[in-house]
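Take the sequence shown: its letter number 15 is residue 15 in full-length UniProt numbering, and every next letter is one higher. Don't be surprised by glycine CBs; every beta carbon is placed ideally from N, CA and C. Computed from a prediction, not measured in an experiment: that's the story for all the values here. Encoded as structure tokens, the structure appears first; notes follow it.
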Amino acid sequence: MPQMAPISWLILFIMFTASLLLFSMMNYFNYLPSSPKSKTLKTLKTTQMNWKW
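See the structure below:
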């Protein structure tokens, strides 16, 4: 079984690193956070706690 030359390992590493960076940037820039709706803000109730100590 032939061995791979060191330059081939370097090219392989560069290709995998470039593809990882590409996919992570695509996931980062394609993410659209949803803005909070006014209905959900009205349904949240805050309870005040009076600590006696």
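Which residues in the same chain have their Cβ closer than 7 Å to the Cβ of residue i, if we skip the five residues on either side of it in sequence?
{"i": "Met26", "result": "none"}
From which residue to which residue does the alpha helix (DSSP H) around residue i run?
{"i": "Thr47", "result": "That residue, Thr47, is in no alpha helix (DSSP H); it is neither H nor E in DSSP."}
Tell me which same chain residues have a C-beta within less than 6 Å of the C-beta of residue i, skipping the five on either side of it?
{"i": "Ser19", "result": "none"}
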